[in-house]
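Q:
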Amino acid sequence: MSHTSRKQRLYEALNSEIYKYPEKLADFLAEVLDCPITIEDANHQLISYSKHHENIDEARLSTIIQRQVPHKVIDCLWKNGVMKKLLESDKPVIIPAIPSVGLGNRVTVSIRENDEILGFIWAHIEEKTIRNDDLELFIEASKFAKKYFLYVLNKTGKSKKQYRDFFWQLLLGDFKEENKIHELAKQFDMNLSGKLSIVIIDFEKVESVTELVKKHAFYLVETLSNVNIVGRFFDQHQLILLVQLKKENDTKSAIHEYIQIFIDRLCNRLQIDHVIGSSGLIYDTPSSLHYSYMQANKVLELKRKFPNELENVYLYQDLGIYQFLDDLYRIRMKENYRNEVIEKLKEYDEENNTDLLNSLRVYLKNDSNVNLAAKKIHVHSNTMNYRLKRIAEICEIDLNDSSLKTNLYLDLLIHKVYH
Numbered sequence: 004m005s006h007t008s009r010k011q012r013l014y015e016a017l018n019s020e021i022y023k024y025p026e027k028l029a030d031f032l033a034e035v036l037d038c039p040i041t042i043e044d045a046n047h048q049l050i051s052y053s054k055h056h057e058n059i060d061e062a063r064l065s066t067i068i069q070r071q072v073p074h075k076v077i078d079c080l081w082k083n084g085v086m087k088k089l090l091e092s093d094k095p096v097i098i099p100a101i102p103s104v105g106l107g108n109r110v111t112v113s114i115r116e117n118d119e120i121l122g123f124i125w126a127h128i129e130e131k132t133i134r135n136d137d138l139e140l141f142i143e144a145s146k147f148a149k150k151y152f153l154y155v156l157n158k159t160g161k162s163k164k165q166y167r168d169f170f171w172q173l174l175l176g177d178f179k180e181e182n183k184i185h186e187l188a189k190q191f192d193m194n195l196s197g198k199l200s201i202v203i204i205d206f207e208k209v210e211s212v213t214e215l216v217k218k219h220a221f222y223l224v225e226t227l228s229n230v231n232i233v234g235r236f237f238d239q240h241q242l243i244l245l246v247q248l249k250k251e252n253d254t255k256s257a258i259h260e261y262i263q264i265f266i267d268r269l270c271n272r273l274q275i276d277h278v279i280g281s282s283g284l285i286y287d288t289p290s291s292l293h294y295s296y297m298q299a300n301k302v303l304e305l306k307r308k309f310p311n312e313l314e315n316v317y318l319y320q321d322l323g324i325y326q327f328l329d330d331l332y333r334i335r336m337k338e339n340y341r342n343e344v345i346e347k348l349k350e351y352d353e354e355n356n357t358d359l360l361n362s363l364r365v366y367l368k369n370d371s372n373v374n375l376a377a378k379k380i381h382v383h384s385n386t387m388n389y390r391l392k393r394i395a396e397i398c399e400i401d402l403n404d405s406s407l408k409t410n411l412y413l414d415l416l417i418h419k420v421y422h
């Protein structure tokens, strides 16, 4: 079949309903492209595959049997830069054979809707020579295959705007009746049973949230498997996720691990910094998700104020005393409160060119461990002990009093942010 004839067949098929049937779709594309085809979703799970000859490779066989591309193949394609090309461009990628993972010669192209990856077409080309006009056909094939994914997405008859509106209503607490929430969720194919939480990936400090960033972010949403992603959308510089724990006995650590891996992979692949993540508490009723959303934003706010102290904290329940600093600050302001110890040490340091206030802060931050505190500020432990003795004398306090030390530490944290 000539190139012109094959292209014409694709155009004619646009007006047919072949795309509604994944098995027919794969066989049709295999006939047009003249090679065995597999179609996968964005999570590399098998949608359909065409008939093939006996001479096929291990990777294709494993994909068909497991209904998913083997992890070793995807990992290898990331290392070789293939997956990055597929996410960043709608052009086909020619992949030479990689015997170490059982992959023969391939041509692959992404199926996308704007900045979102819907799936992939993989062609097993064996020793076939691929010309430029063949690559052009792959681009047209991906546009045709997109119709299947959009057909599946639109089966509910609900638009993206309606989905987004429903999501915002959940986040803002507009719903009070659980039955109504579950009824509406079904219309968007959202399962809101089990343990739920809101996760936010924040790109505020990234120079710009480009289409490239969004493509990689959506790909990770589809492929990471620590938790179930029930819903997601971008709101300006934030990716907001509604996550569900996969098993009844899963705990907050699954969410912590998900956020950590998500940020690490995104930053490594795009060579960007300053992406931060957070999560609110876990609830078993969707009507409580607005609390989780507020808590996740609270974590982000505090991580910006205390970037070093909270660098590895993502979950609201792991904030510890940082949860209460804003409330305590408001109380302090209302009472026109000043901590005399802090005031005295600031004045003493300024007059004597010493570092007693910072020494006290480091000492309290390190759980009153003299040796550890001394290492942090690069002084001998005897020097630290001497400074603590001077602090006790100048301020007339007992540093063995745990209640006093707790109060001091809280005031020092407030002082760092608000003064």
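With this note's numbering as the guide, the letters of the sequence shown map in order to residues 4 to 422. Every residue gets a Cβ at the ideal spot worked out from N, C-alpha and C, and that includes glycine. Every value quoted in this text rests on a predicted model; they were computed, and no experiment measured them.
#1: Using the C-alpha atoms, what's the distance from Y261 back to V85?
#2: Taking buried to mean at least 16 other C-beta atoms within 10 Å of its own C-beta, is L175 buried or exposed?
#3: Using a threshold of 9 Å, state whether the C-beta atoms of F237 and V202 are closer than that.
#4: List, from N- to C-terminal side, the alpha helix (DSSP H) runs of 4 residues or more that fit wholly inside the stretch 263-316.
#5: What does G234 pair with, by DSSP beta-bridge criteria?
#6: Which residue's Cα is closest to the Cα of G280: I258, L391, K163?
#7: For A377, which residues from the same chain have a beta carbon less than 8 Å from its beta carbon, with the 5 sequence-adjacent residues on both sides left out?
#8: I need the straight-line Cα distance from D321 to S65, nearest angstrom please.
#9: Kindly indicate the opening and closing residues of the beta strand (DSSP E) around M126.
#10: Just to confirm my understanding: we take C270, look at its own chain, exclude 5 residues before and 5 after, and list those with CB closer than 7 Å. What are they?
#11: Let me confirm a value: I68 is counted as buried when at least 16 other C-beta atoms fall within 10 Å, else exposed. Which label applies?
#12: Would you decide whether H56 is buried or exposed? Buried here means 16 or more other CB atoms lie within 10 Å of its CB.
#13: M336 to L413, Cα distance in whole Å?
#14: If you pair each beta-carbon of the stretch 213-232 with each one of the stretch 287-299, do three or more pairs fall below 8 Å?
#15: Sorted by chain position, which residues of the same chain lie with C-beta nearer than 8 Å to C79's C-beta, five sequence neighbours on each side aside?
#16: How long is the line joining the alpha carbons of G283 and I204, rounded to whole angstroms?
#17: Output the boundary residues of the alpha helix (DSSP H) element that contains T132.
#18: Three-state secondary structure (DSSP) at Q239?
#19: Check this for me: beta carbons of I380 and N356, under 9 Å apart or not?
#20: When you compare only the Cα positions, how much space is there between T132 and Q263?
A: In this structure, then:
#1: 24 Å
#2: exposed
#3: no
#4: 292-308
#5: L245
#6: I258
#7: H383, S384, T386, M387
#8: 42 Å
#9: Strictly speaking, residue 126 in this sequence is Ala, with Met absent from that position. First-last of the beta strand (DSSP E) with A126: 119-127.
#10: D276, V278
#11: exposed
#12: exposed
#13: 14 Å
#14: no
#15: I101, S103, V104, L106
#16: 12 Å
#17: Counting along the chain, T132 falls outside any alpha helix (DSSP H), and DSSP gives it neither H nor E.
#18: coil
#19: no
#20: 43 Å
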